[in-house]
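Here is the structure we will look at.
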């Protein structure tokens, strides 16, 4: 592909938080009957809608089967940088966007909010670790990847795009939509072939899964790999590609997602006090350094 993108095409969102705020709007907390506007980030609604729509226009136009193949070949060599998880957290914290008017929380604090909510509910320590590191793949932005190839709802490539994916109209500009190899219900896949045999749109989910697949339990890996696959775990749009085992593992994905979506609060966790616990937890499951 090797296409040159403008600065606006690389970063259509004014902040990385825009996509997550859009998720809250599309999937409000079922336990909250009423949310005031002040409980969300203080964006002008029309402005945020426009930036998110542009984000998905780019995402749906350029996330082709060949694009995913190219990105996997590049980034799954894991030859960009070697660092400890804590160095990766510090690296990720440089993503904090000063233009975000409503939060000063860095990436570590968001990860801790998620993992601490999981820990408070008494889940296994590997589940807590998954919450702590589920967004670590966003370091892709710091390796020069455009936002729409890092975050956003994920979906299979190599087969017909479901109308249950957010802003499905933008797939009309995707070359795969008119490619007979890819534009049928099953495309290059077989019925119930299993998600492990399905290529997903490229982003932080797949990248981190590939990095962690030798270290964490299978339920954790499903949470990491598919937590942005909303067209399936909310809409059941791709059950025809899944096995019975996939469906069983998606019970864990569904268990994880509320912690990711609804644990964001303006009060930062005490990262300094919590660090010894997480240092021990990370050391239990992961090597001292990881290749990114």
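Residue numbers (the working numbering): 2 to 293. All C-beta atoms in this analysis are idealised placements derived from N, C-alpha and C, irrespective of residue type, glycine included.
### Task
Would you kindly check if the distance between the Cβ of residue 14 and the Cβ of residue 52 is under 7 angstroms?
Taking the chain shown and counting its residues from 1, one reaches residue 52 at position 51. Taking the chain shown and counting its residues from 1, one reaches residue 14 at position 13. Their beta carbons are under 7 angstroms apart, which means residue 52 touches residue 14 by this criterion.
### Message
Can you tell me where the alpha helix (DSSP H) holding residue 319 begins and where it ends?
### Response
Since the first and last residues shown for the chain are 2 and 293, residue 319 lies out of range.
### Query
Is it true that the CB of residue 27 sits closer than 7 angstroms to the CB of residue 293?
By one-based count along the chain shown, residue 293 stands at place 292. By one-based count along the chain shown, residue 27 stands at place 26. No.
### Task
At 4 residues or longer, and completely inside the region 164-239: list those alpha helix (DSSP H) runs for me, N to C.
205-213, 219-227 and 231-234
### Task
Please classify residue 83: does DSSP put it in a helix, a strand, or coil?
Reading the chain shown from its first residue, position 82 is the one you call residue 83. Of the three classes helix, strand and coil, the one that applies to residue 83 here is strand, per DSSP.
### Message
Is there a C-beta anywhere in chain C that falls below 7 angstroms from the one on residue 251?
### Response
Given the protein chain composition of this structure (a single chain), no chain C is represented.
### Task
To the nearest angstrom, report how far apart residue 135 and residue 153 are at their CA atoms.
The count along the chain shown starts at 1 and reaches residue 135 at position 134. The count along the chain shown starts at 1 and reaches residue 153 at position 152. CA-to-CA, the gap between residue 135 and residue 153 works out to about 14 angstroms.
### Message
Under 8 angstroms, with one C-beta from each stretch per pair, do the region 172-183 and the region 62-78 reach the 3-pair mark?
### Response
yes
### Query
For residue 292, which of helix, strand or coil comes out of DSSP?
Taking the chain shown and counting its residues from 1, one reaches residue 292 at position 291. Correct three-state label for residue 292: strand.
### Task
Give the straight-line distance between the Cα atoms of residue 208 and residue 225, rounded to the nearest whole angstrom.
Working through the chain shown from its first residue, we reach residue 208 at position 207. Working through the chain shown from its first residue, we reach residue 225 at position 224. Rounded to the nearest angstrom, the two C-alpha atoms are 9 angstroms apart.
### Query
From residue 220 to residue 30, what distance separates their C-alpha atoms?
In the chain shown, counting from the first residue as 1, residue 220 sits at position 219. In the chain shown, counting from the first residue as 1, residue 30 sits at position 29. Each residue's alpha carbon lies about 23 angstroms from the other.
### Query
Quick one: what's residue 157 bridged to in DSSP?
For this step, residue 157 is matched to residue 156 along the chain shown. Answer by DSSP bridge pairing, in chain order: 201.
### Query
Within the chosen definition, does the region 72-81 reach the region 177-197 through at least 3 CB pairs nearer than 8 angstroms?
no
### Message
Taking only three categories from DSSP, how would you classify residue 4?
### Response
Sequence index remark: in the chain shown, residue 4 carries index 3 (1-based). Coil, per DSSP.
### Task
Verify whether the separation of the beta carbon atoms of residue 210 and residue 222 is less than 7 angstroms.
The residue labelled residue 210 in the question sits at position 209 within the chain shown. The residue labelled residue 222 in the question sits at position 221 within the chain shown. Yes, these two residues count as a Cβ contact at 7 angstroms.
#### Entry: Chain-order list of residues whose beta-carbon lies under 7 angstroms from that of residue 205 (same chain, five-residue window excluded)
For this step, residue 205 is matched to residue 204 along the chain shown. Contacts found: 136, 138, 139, 141, 151 and 152.
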